[in-house]
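Protein chains: 2
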Amino acid sequence: MKKRLNQSLSRKSTDFLNPLLTVDVVIFTVRNHTLETLLIQRAKPPFAGSPALPGGFLLTGENTRRASERILQDKAGVSGVYMEQLYTFDDLDRDPRGPVFSVTYFALVPEKDIVISETRTTETPHFSPVHCLPKLAFDHNEIIQTARGRLRSKIGYTNAAFSLLPDNFTLAELHYTYEAILGRRLDRRNFNRKLRALNLITATGEKTLGGKHRPATLYQFTHRDLELLPEPLL
Amino acid sequence: MKKRLNQSLSRKSTDFLNPLLTVDVVIFTVRNHTLETLLIQRAKPPFAGSPALPGGFLLTGENTRRASERILQDKAGVSGVYMEQLYTFDDLDRDPRGPVFSVTYFALVPEKDIVISETRTTETPHFSPVHCLPKLAFDHNEIIQTARGRLRSKIGYTNAAFSLLPDNFTLAELHYTYEAILGRRLDRRNFNRKLRALNLITATGEKTLGGKHRPATLYQFTHRDLELLPEPLL
DNA sequence: TCAAAAGTGTTGTGTGTACACCCATGT
DNA sequence: ACATGGGTGTACACACAACACTTTTGA
């Protein structure tokens, strides 16, 4: 890898320059009623020791989506979850080594599906709340803020938030998932009524058990895949 | 250029592959009450002779935005107009030469500002309505459809459409600009009232002259730069 | 019987929508 | 005077926001 880096970065091109390309993935989940994202600890320079988004270069025969899926599988142990391309970051000095552009993706993962790989202990992958992030490597703070903004607006007109929940869930879980993403309170009754009216969820007939309170009915999504809502939700 | 292409595309990399990067720009304008986009005729293979979006490789020291601005200046003779990154297209077989990804942008240009360069007669740059496009080179049809979708939703919650109009304009012009982008009719009176209520436009006091009908009052935008609307427009 | 969360209805206010008529100009 | 597009006002329906009480469970 180092060989290729040097090769590309030290090339004295008179006219054309082809930058290197990486992918970075913002892996969102809702945990403890909070929107969190997966970070790793960088093992190598640049920014060795800094927290950063999981990412890396493309392998032969991969496009950026495939590479992101591989990273998602490697770091969080999930596949088949919702993921969309976010933006391509291309500041010439975002990487001290030279022009390295990053095509970024964000993924939505239910907390229960995540299996953090413990094989690379040096990387110490962990989740961190997005509302109080430390200083990250490269422009990764900006990337996460962009992803958060996109997610916020997206749950207003699609059922994207569903990808953060397990197959069966209560209205309360759905409710605090939305609150965590938006960062503000929503009226519980209006929210529940709206979702039921839109016919997006169906009661399974089952109920939660084991709580210190009245059991809640479990719901599932009428359609599992992403779709535009017939009318805006927020 | 051909040399660099061969160099990159024939490289036998065992692990990592760095694709080539191009930019393509969707230049929108509203002409004849219709949303149109600038196309060129490809002079060289692949797809020689096919219509295509203006685009090209990056020059040394350019990021993708800068390259897009250069192309916009070269082909349409404008600068300083609204432009935003659209999406990065990365199908491995979108270019028959091998992995060439394209970072795409779309620009909004008032019709009057456009000066099509006639220097490269082989390219025959011209505007074409987006609702009846021919088969284009590469995945450029898909790119334009993506851009159209983005523009459509964007004018619903920002003042982006303003970038398609000159400094002074009538309510009728603003109205058909929205209709052209959305591809459907909007009630004229409700539309006008809404825009005035949002305080986005101010009457200049001037009036149009020379029409065969009652003169229309000319307006200008309260704020020239892009901003989110306080409430959704559509 | 108490705490904790689930579940259910109503009402007022505001916003979108549909719609019809008069006005100013050129010919 | 007539054709053409510019400009204005109203009424109805619906969606949203605000809000309080009852129910079911475990402790």
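So the sequences go chain by chain: A and B. Going by the working numbering, the first residue of the first sequence is number 1, and it counts up by one from there. Going by the working numbering, the first residue of the second sequence is number 1001, and it counts up by one from there. Think of the CB as a built atom: it goes at the ideal place given N, C-alpha and C, for glycine as much as any other residue. Values in this document were obtained by computation on a predicted structure and should not be read as measured data.
- DSSP, read as helix, strand or coil, puts Asp74 (chain A) in helix.
- Chain order gives no chain B residues near Asp225 (chain A), where near means a beta carbon separation below 7 Å; the closest approach is about 18 Å.
- If the five residues before and after Pro134 (chain A) are omitted, its C-beta is found closer than 8 Å to the C-beta atoms of Pro51, Ser128, all from its own chain and listed in chain order.
- Counting along the chain, Ala203 (chain A) sits inside the beta strand (DSSP E) bounded by residues 201-207.
- Take the alpha-carbon of Leu198 (chain A) and the one of Ala216 (chain A): they are about 20 Å apart.
- Chain order gives the chain A residues near Tyr1087 (chain B) as Gln85, where near means a beta carbon separation below 8 Å.
- Between Thr146 (chain A) and Leu226 (chain A), the CB-CB gap reaches or exceeds 8 Å.
- Residues of the same chain with a CB within less than 7 Å of the CB of Thr202 (chain A), apart from the 5 flanking positions on each side, are Tyr219, Gln220, Thr222 in chain order.
- In the assembly as shown, Ala172 (chain A) is an exposed residue. Its beta-carbon has fewer than 16 other beta-carbons within 10 Å.
- Secondary structure at Ala1107 (chain B): strand, using DSSP grouped into helix, strand and coil.
- DSSP places Phe221 (chain A) in the uninterrupted beta strand (DSSP E) bounded by 217-221.
- The three-state secondary structure of Ala147 (chain A), taken from DSSP, is helix.
- Across the set B:Val1081, B:Leu1017, B:Gly1156, the C-alpha of B:Gly1156 shows the shortest separation from the C-alpha of Pro1230 (chain B).
- Thr1034 (chain B) carries a strand assignment under DSSP once its states are collapsed to helix, strand and coil.
- Between the alpha carbons of Ile1027 (chain B) and Pro1125 (chain B) lies a distance of about 11 Å.
- No Cβ-Cβ contact shorter than 8 Å links Val1025 (chain B) with Ser1102 (chain B).
- Counting only Cβ-Cβ distances below 8 Å, Leu1234 (chain B) has no contacts in chain A at all, with the closest Cβ about 10 Å away.
- Neighbours of Leu53 (chain A) across chain B, judged by C-beta separation under 7 Å, do not exist; the nearest C-beta is about 17 Å away.
- Distance from the Cα of Val81 (chain A) is smallest, within the candidate group A:Gln73, A:Gly98, A:Thr88, for A:Gln73.
- Across the segment 1046-1073 of chain B, CB contacts with chain A closer than 8 Å involve Phe1057, Leu1058, Leu1059, Thr1060, Gly1061, Glu1062, Asn1063, Thr1064, Arg1065, in sequence order along the chain.
- Put simply, the CB of Leu1020 (chain B) is near chain A, with a gap under 8 Å to one of its CB atoms.
- DSSP places Phe57 (chain A) in no alpha helix (DSSP H) but in the uninterrupted beta strand (DSSP E) bounded by 55-57.
- Residues are counted here when their Cβ sits less than 8 Å from a Cβ of chain A; for the segment 1089-1107 of chain B these are Asp1090, Asp1091, Leu1092, Pro1099, Phe1101, Val1103, given in chain order.
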